[in-house]
Structures are given as structure tokens and as C-alpha cells.
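Asker:
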Amino acid sequence: MSEGEKKMVNFRVEQSQRRKWEEHVEGSNEYTSLSQLIRLAVERQIDEPDRNEGGLDAATKDRINELVERSRQTEGKIDRMQDRLETVEKHLQEAPEDIKELAGEVFDVLPQKPSDREVKRLFSDETTPVIGDVVESGKIEDIAGYLDKKEYEVRRAIENLQQDTSLVGSVVIGDQERFYREG
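Under the numbering used here, residues 1 to 183 are what the sequence shown spells out, in order.
1. Classify F179 as buried or exposed, calling it buried when 16 or more other Cβ atoms lie within 10 Å of its own Cβ.
2. Hey, out of K20, V25 and G145, whose CA is closest to W34's CA?
3. What first and last residue would you give for the alpha helix (DSSP H) that runs through Q17?
4. When the distance is taken between beta carbons, is A144 closer than 7 angstroms to E151?
5. Give the secondary structure of R181 by DSSP, where H, G and I count as helix, E and B as strand, and everything else as coil.
6. Report back the beta-carbon spacing between K100 and G169 to the nearest angstrom; my notes put them in contact at under 8 angstroms.
7. Starting from Q176, follow its DSSP beta bridges and name the residues at the other end.
8. Whole beta strand (DSSP E) runs in the segment 75 to 107 with 3 or more residues, listed along the chain?
Encoded structure:
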């Protein structure tokens, strides 16, 4: 067959399909005949093989690949942030050196655990807060005042002692928590 020679191609389709194609041609400014619609559709299919893969053109595939890459980058950032957060939480849970040192000072001034009978008497508000080197009241505020430290530092030191040892106990009298040495 020579280059300019045209060959006729025939094929059969259902009548409903043919009507659908003809209606498309009638409603289109691009096609003047059913033959033109079929020729152009075949040419486009051959010229744009990327459309065969899920109906996506190259630009859409590029955009999807870009979004997938961004998603991976975001996941990486989230993973790194989670690692940092875990590190920060670990450091917050560990008492800093100054609190560890203060914990020793606090422990030294805590009163001994009173017997059940002595609890109310010893920890009453009428008790002298400090006797000698011991803060008999067991109150955070009195311990902080005696050691010239802030109340939140003393509380953190006591929490550290309670977490790391079983040597510090407490009792609540009224609305006030009192701390003492166990044993």
C-alpha cells in the first residue's frame, strides 16, 4: 500500500453504541462525522500512550509523584519530631542535677514517720515547724522556707525522692499534705 492510499476499515458495533457516538458527533464542534470521531479517537489513543495507564496523563502522574514525595517528607519530619518529643519528655522526667542535690537536702530535714497516734498531734498547725535541723511540720512551704528554696523546687525534689526511693511518705491532714521519712 502506498503512502497516500487509504484503506477502508469496517467493524460492527451495537446499535445503541452507534447512536451514542452519533449523538456525540452532533453535539460536538470538533467532529463532523462518525468516521472523523473514530479516526481522531484512535490517533489520540496511539499518540498518548500514557493515557492507557489508568487514564492519567503525564502531568497528572507527575503531580501525583510530587504529592507522594511530599507525603514521604512530611512523614519523615513527623518521625523526627516524635523522636525529639520523646527526648524532651525523657529529660523532663529525669530530675536535673540541682533537683537531685536538693532532694538530698530535703530528705535530711524531713521528720521521721510518726506513729499512727502521733500523726495528728505532730502534724497539727500548732506544732513548731522546725526543731533543730528537722522541719517537723513536713509541709512543703516550711521545708522551702528552711532551705531557702522555692516551693516548686522542693515539691519536685520530694517527687524525685518518692519516684526513686521508697523512703519518703506522706499523709494528708485537712487540706495539707505532709511529708516524712519512712522507716
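We treat Cβ as the ideally placed atom computed from N, Cα and C, and that holds for glycine.
Answerer: According to the structure data:
1. F179 sits buried, since 16 or more C-beta atoms from the chains shown fall within 10 Å of its C-beta.
2. The displayed chain sequence assigns Leu, not Trp, to residue 34. Taking only the C-alpha atoms, the option nearest L34 is V25.
3. Counting along the chain, the alpha helix (DSSP H) containing Q17 begins and ends at Q15 to E26.
4. Cβ atoms of E151 and A144: closer than 7 angstroms.
5. Residue state, collapsed to three classes: strand.
6. Their Cβ separation, rounded to whole angstroms, is 20 angstroms, which puts K100 and G169 out of contact at 8 angstroms.
7. For Q176, which the question treats as bridged, DSSP gives the partners I173.
8. The qualifying runs do not exist here; there are none.
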